[in-house]
Every structure is written in structure tokens, then in C-alpha cells.
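Here the protein sequences come in this chain order: A and B. For what it's worth, full-length UniProt numbering labels the leading residue of the first sequence as 1, then goes sequentially. For what it's worth, full-length UniProt numbering labels the leading residue of the second sequence as 1, then goes sequentially. To start, the structure under review is shown below, and the notes come after it.
2 protein chains.
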Amino acid sequence: MRPTAAHTSSRQWLAEGPAAVRAMPSGQQVLALCEALGLERRRVRRRQYVFRSGQPLHALFLVHCGLFKTVVVNEDGCESITGFAERGDLLGADGLSGASYGCDAQALDMSYLWELPADRFDTVEAQLPGFWQRMAVLMAGQIQHDNRWRLQLGHYNAEQRVAAFLLELSECQRAQGCSADTLLLRMTRADIGNYLALQLETVTRVLSRLHALGLIQVARRNVRLAEPDALRMLLRIPRAWH
Amino acid sequence: MRPTAAHTSSRQWLAEGPAAVRAMPSGQQVLALCEALGLERRRVRRRQYVFRSGQPLHALFLVHCGLFKTVVVNEDGCESITGFAERGDLLGADGLSGASYGCDAQALDMSYLWELPADRFDTVEAQLPGFWQRMAVLMAGQIQHDNRWRLQLGHYNAEQRVAAFLLELSECQRAQGCSADTLLLRMTRADIGNYLALQLETVTRVLSRLHALGLIQVARRNVRLAEPDALRMLLRIPRAWH
DNA sequence: CGAAGGTTTGAGACAGTTCAACAGGGGTGG
DNA sequence: CCACCCCTGTTGAACTGTCTCAAACCTTCG
Numbered sequence: 001m002r003p004t005a006a007h008t009s010s011r012q013w014l015a016e017g018p019a020a021v022r023a024m025p026s027g028q029q030v031l032a033l034c035e036a037l038g039l040e041r042r043r044v045r046r047r048q049y050v051f052r053s054g055q056p057l058h059a060l061f062l063v064h065c066g067l068f069k070t071v072v073v074n075e076d077g078c079e080s081i082t083g084f085a086e087r088g089d090l091l092g093a094d095g096l097s098g099a100s101y102g103c104d105a106q107a108l109d110m111s112y113l114w115e116l117p118a119d120r121f122d123t124v125e126a127q128l129p130g131f132w133q134r135m136a137v138l139m140a141g142q143i144q145h146d147n148r149w150r151l152q153l154g155h156y157n158a159e160q161r162v163a164a165f166l167l168e169l170s171e172c173q174r175a176q177g178c179s180a181d182t183l184l185l186r187m188t189r190a191d192i193g194n195y196l197a198l199q200l201e202t203v204t205r206v207l208s209r210l211h212a213l214g215l216i217q218v219a220r221r222n223v224r225l226a227e228p229d230a231l232r233m234l235l236r237i238p239r240a241w242h
Numbered sequence: 001m002r003p004t005a006a007h008t009s010s011r012q013w014l015a016e017g018p019a020a021v022r023a024m025p026s027g028q029q030v031l032a033l034c035e036a037l038g039l040e041r042r043r044v045r046r047r048q049y050v051f052r053s054g055q056p057l058h059a060l061f062l063v064h065c066g067l068f069k070t071v072v073v074n075e076d077g078c079e080s081i082t083g084f085a086e087r088g089d090l091l092g093a094d095g096l097s098g099a100s101y102g103c104d105a106q107a108l109d110m111s112y113l114w115e116l117p118a119d120r121f122d123t124v125e126a127q128l129p130g131f132w133q134r135m136a137v138l139m140a141g142q143i144q145h146d147n148r149w150r151l152q153l154g155h156y157n158a159e160q161r162v163a164a165f166l167l168e169l170s171e172c173q174r175a176q177g178c179s180a181d182t183l184l185l186r187m188t189r190a191d192i193g194n195y196l197a198l199q200l201e202t203v204t205r206v207l208s209r210l211h212a213l214g215l216i217q218v219a220r221r222n223v224r225l226a227e228p229d230a231l232r233m234l235l236r237i238p239r240a241w242h
């Protein structure tokens, strides 16, 4: 779900890995690196939590396949989705700053992930020199993604946010070799709204409006980007212009 | 400017350092560690840029004293302030995911910072084992801070955002041993508004309103938190209420 | 089949934006 | 030192995008 930053950084992480890994086709690299470390692979069912905010940090995770959402919760029970994690994305890293996870991670689909237990944090560097530097690179990608989101939230209106969201999804699918213009939204309208700091009704209305304009076709969770270039154009219009 | 996460993580970084460093008083630790690495200290004048978005990543920086703002810019020239960096905060780390900085870093005051040149990234681990793991910890703190901000932006109204901002500033000052209720805003109203995704007029209006309510006293850039507990109370009220 | 969860659409309200005018303060140059 | 000007901050009034509340519909699943 981080088409530019995270995906290039995963690629960079792996490109800098041992030659044997570097030579492999891109899709196999994450898997190979995790296997090189002798990591466990774990299956997570739809709606199941990988970890919850506040739990002791017992491991870091790398998504092998599937889709997760990460949610921060404050003391009053307000929730915000901070992102969606796909193949190659890191889960749980924000917990490194303390002794416990800083968010919930919940599977939106049947998913698989690799697990690096906390008791290996201090020895993994010896096993795979440069591990933590690469981890810092992955986290830098996440920070850049957060920053871009902040820019959009501050300067985009509802229509632009939804358009940007759809284009981001599309870019992700393309990066994984799937069709770039036929999307299946695996999250609810409420999730999308929460992620974009909009109400779910607003998301619905915007989708309907974009449909009426002929830019997209919407049928519940199936979306087709009919005019992706027009969507991209939308993003270049200043917020004040309706 | 990251009272809870970043400051505790700097502390943690240092707490895990060599015993000689660990034994020093907290305020001196960052300095000592940077000196242990033989880093250069650099002076930056008010309004001067440390680096600009897109420039090749030539170094990472740690703030020694002073205040910086970090600003992301998109292709249309829209700008968003992603944060303010104070003593102990890292600058430039988001650039690690690529070969160039992802934001501008500008001094708001006469400031000093330590510089780790890019050509030492690969050797610093040998000199100070655990360096990159600690760097990951610092970055995790930044991600957690971003997440908390996202939560506030999604669920707080203008009044709550400004109140949260003031309390964050106050917490920062307290962490650095200064008075917690007398603040000097070293950034403009436009900066504050940009950071909080509000217009500068809204920031002004909210400050005036909080002043009229007796919660704070405002005179241009001088702010006194008359009723910090009442401000904190504000944050616990759901957005829908007024 | 009924219940529960998710989606769509409408109508009205309001928080925050936009535009505009003005006031103060601090730095610069005469 | 004063006068000027620019930058910053303040306040008002009208507008509008988004939220809120409400009702209905559709799908899925027990």
C-alpha cells in the first residue's frame, strides 16, 4: 500500500542483500531473505489481529501475502487507520521505540507473514550484517509515505483524497503485476473514510460523483478506473476550486 | 517537539549506549555520543536550510540545540510542515529510503547540529555496534509521533488541535527543564496552521477564543497556559460537541 | 427467513475557509 | 532617531464543503 516509497525501499533493501538474493526475481526476494534468516511463517485469518496496541513487542513482521490494516487508538477509544500493509511491508516497527506495539494490526484477508522474534533482535545483525540499516531504510519509506499523506490531507478536498486513494491502490496493484484499473476494495467505506479523515457518507458520495462524471465505475467494492488520467488531473487542481 | 515518543527514545538509545555514556546526566548524553563518534558540529542561522527536498542525501543530522521545521513539498508547490525538531531529534532520516532528502529542514532560530556524513553510514556500525538498531528506534519514535498526529487530525476540531499543540510545546519545554506554562512560539501562525491543517486565521481565532475563556493568555508569540488541566479536558470531549 | 452489517441518498446544520480590511512591531534606510 | 514599509497578527462577514442525523436498500450469513 506504499507504491512509491515502500516498494522501492523493499526493492532497495533486497538489492543490497547477499548476491544470491540479489540475483533472484524480485517477487521471490523477500521470501528468500526471510528463509535465509530461518524465520517462521505464520498464517492469519480475516479479521484476526497480529498484535494489539500496548501488547509487549514480541516480534516484527514482514507481510508475505494478504492485506492488513494498522490502527492507532487513543485513550478515549478514537481510532485512526494509519495504513494498509501489503506484501513486502513491515508490521510492528513503530513499537521499537518502546517495549510495546503502538497500533493494532488486523488482517483484512487470509494472509501470511514472516515473524522475527524479539529475542533475535540483537543477534540478527551478526547473522545478516546490515540488517538494521536496511530496517531503517524500510522505516524511512514509511515516514516518507506518512509525509505524503500529510501533504494530501492538508491540501486536498474530499474528492482529491478519494482519487488519490484509488490511484494509490491502482499503483500498488500494478507494482504487483495485477491489473491497474480494476480494483477490489478489500476495506469498508468506513475504513476508507477513517484513513482519509472523512466520514463514510462522504466517501460514498464522492465515489458516486466520480461515477456520475464517468471517471470511474463503482459497484459496491468493485471499482474500475475508467479515466485514470482525469483522476490524476483532479489532484493538480487547487483545493479552493471546488 | 516530540515530547513522549522521541524524547523517551533518545533516552533509550543513549541508555543502551556504552557505560561511560550511560552514566552521564541525560542532557549531556547526545553530545557525548556524537563526540564519541568524532562528529562535526555545525552552526545554522535563522531561516537557513540544512538541506532541501530532492538534494542528494549527504548526511544525517542530530539537533544539538535550537529549533528546526521540516517541510514536504509536492510538485504543485503545496507545502506541509511535518514537524518541528528540537535537541535530540533526528533530521534527514526519511531520505534513507532513497538517495535524496524527502523534505526541507529549516532553522527557526540560531541552531547547532551534529552531522553524520553519508560516507560513514557503512562503517559506523563497526565503530559503535548497535548504531543502526538505535537509529531504527529513533525512527520508530517518529512514526509513533506521526500516528498520534494522524489520530488528532482525524478526530479533533480546530480548538482541540491548537490545544494539543500548545500542550505538546509545553511538555517539550518541561522535558528540557524550562517552565512548562510560559511558551514562546518560535513559529508563525501560518506555520502552526499548516502543521495542524488549519488556516492561519483559524489559529488566531482559536487562540483568541481560548484567551477569552481564560484558559490561556496570548500576546503575539508569548503564550501562558493559565489552565493547562482545562486544556487537557478539552481534548477528551468528542468532536461533535461544539 | 430474519438479523446484522455495509452502502447509498437526502436534507439541514455548522465549523472552518475565503476574502477583505486594518493594526501593530520590528527592521532598514535615510 | 525617525519614518517608512513589510511582515505578522487580528477581526469581521459571507460562503461552502463536510458532517450529522435519518431513512431506506442491499448483501451476507447464521
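Here a beta-carbon is modelled for each residue, glycine too, at the ideal position from N, C-alpha and C.
What did DSSP end up calling residue i once you bin it into helix, strand or coil?
i: A/LEU194; result: The residue asked about is misnamed: residue 194 of chain A is Asn in this sequence, not Leu. Looking at A/ASN194 - three-state DSSP - the assignment turns out to be helix.
i: A/GLU227; result: coil
i: A/THR70; result: strand
i: A/ALA107; result: strand
i: A/LEU235; result: coil
i: A/PHE121; result: coil
i: B/ARG148; result: helix
i: A/ARG161; result: helix
i: A/TRP138; result: It is worth fixing the name first, because residue 138 of chain A is Leu in this sequence and not Trp. Here A/LEU138 sits in helix by DSSP.
i: B/LEU90; result: strand
i: A/ALA126; result: helix
i: B/THR204; result: helix
i: B/SER97; result: helix
i: A/LEU184; result: strand
i: A/LEU169; result: helix
Do you know how far the Cα of residue j is from the Cα of residue i?
i: A/GLY193; j: A/THR202; result: 8 angstroms
i: B/ALA230; j: B/SER179; result: 18 angstroms
i: B/ILE143; j: A/ASP94; result: 6 angstroms
i: A/SER208; j: A/GLN106; result: 28 angstroms
i: A/ALA118; j: B/VAL63; result: 30 angstroms
i: B/HIS155; j: A/VAL72; result: 12 angstroms
i: A/GLU125; j: A/ALA36; result: 13 angstroms
i: B/ARG189; j: A/TRP114; result: 46 angstroms
i: residue 260 of chain A; j: A/LEU153; result: Outside the displayed range of chain A (1 to 242) lies residue 260 of chain A, so it cannot be described from this structure.
i: A/SER170; j: B/SER170; result: 43 angstroms
i: A/ASN74; j: B/PRO129; result: 35 angstroms
i: B/GLY77; j: B/GLN176; result: 35 angstroms
i: B/GLU168; j: A/ARG232; result: 36 angstroms
i: B/ASN222; j: A/THR123; result: 50 angstroms
i: B/ARG224; j: A/ALA99; result: 35 angstroms
i: residue 244 of chain A; j: A/LEU108; result: In the structure displayed, chain A extends from 1 to 242; residue 244 of chain A sits before or after that span and is not available.
i: residue 244 of chain B; j: B/ASP146; result: With chain B covering only 1 through 242, there is no way to say anything about residue 244 of chain B.
i: B/ASP181; j: A/CYS34; result: 50 angstroms
i: A/LEU235; j: A/TYR195; result: 18 angstroms
i: A/GLN55; j: A/GLY214; result: 46 angstroms
i: B/LEU183; j: A/THR70; result: 35 angstroms
i: B/GLU40; j: B/PHE84; result: 22 angstroms
i: A/TYR49; j: A/ARG148; result: 27 angstroms
i: A/ALA226; j: A/ALA212; result: 12 angstroms
List the residues that DSSP assigns as beta-bridge partners of residue i.
i: A/ILE216; result: A/LEU225
i: B/CYS65; result: B/TYR112
i: A/ILE143; result: Answer is none; A/ILE143 lacks a bridge partner.
i: B/SER80; result: B/VAL72
i: B/ALA85; result: B/PHE68
i: A/VAL44; result: A/SER111
i: A/LEU60; result: A/LEU116
Going by the CB atoms, is the gap between residue j and residue i shorter than 8 angstroms?
i: B/LEU91; j: B/PHE68; result: yes
i: B/GLY166; j: B/ILE216; result: The identity of residue 166 of chain B in the sequence shown is Leu, whereas the question assumes Gly. Contact flag set, yes.
i: B/ARG161; j: B/LEU198; result: yes
i: B/PHE51; j: B/TYR112; result: no
i: A/MET110; j: A/ARG46; result: yes
i: B/LEU116; j: B/LEU57; result: no
i: A/ALA140; j: B/LEU138; result: no
i: A/ALA164; j: A/VAL206; result: no
i: B/ARG87; j: B/CYS65; result: yes
i: A/ARG150; j: B/THR82; result: yes
i: A/GLN173; j: B/TRP132; result: no
Near-chain A residues of the region 88-117 of chain B (beta-carbon distance less than 8 angstroms), N- to C-terminal order
Listed in sequence order: ALA93, ASP94, GLY95, LEU96, SER97, GLY98, GLY102, CYS103.
At a Cβ cut of 7 angstroms, what residues of the region 61-87 of chain A count as close to chain B, listed as they run along the chain?
Residues of the region 61-87 of chain A with a C-beta less than 7 angstroms from any C-beta of chain B: VAL72, ASN74, ASP76, CYS78, SER80, THR82, listed in chain order.
Going along the region 135-147 of chain A in order, which residues come within less than 8 angstroms of chain B, judged by CB to CB distance?
Listed by position along the chain: MET135, ALA136, VAL137, LEU138, MET139, ALA140, GLY141, GLN142, ILE143, GLN144, ASP146, ASN147.
Return the residues of the region 150-184 of chain A that lie within a Cβ-Cβ distance of less than 8 angstroms from chain B, sorted by chain order.
So the list reads ARG150, LEU151, LEU153, GLY154, HIS155, given in the order they occur along the chain.
Note down, in chain order, all residues in the region 187-200 of chain B with a beta-carbon under 8 angstroms from any beta-carbon belonging to chain A.
Considering only beta carbons, the part of the region 187-200 of chain B lying closer than 8 angstroms to chain A consists of ASN194, ALA197, in chain order.
Between the region 224-240 of chain A and chain B, which residues of the former have CB atoms less than 7 angstroms from a CB of the latter, in chain order?
The region 224-240 of chain A vs chain B, Cβ under 7 angstroms: ARG236.
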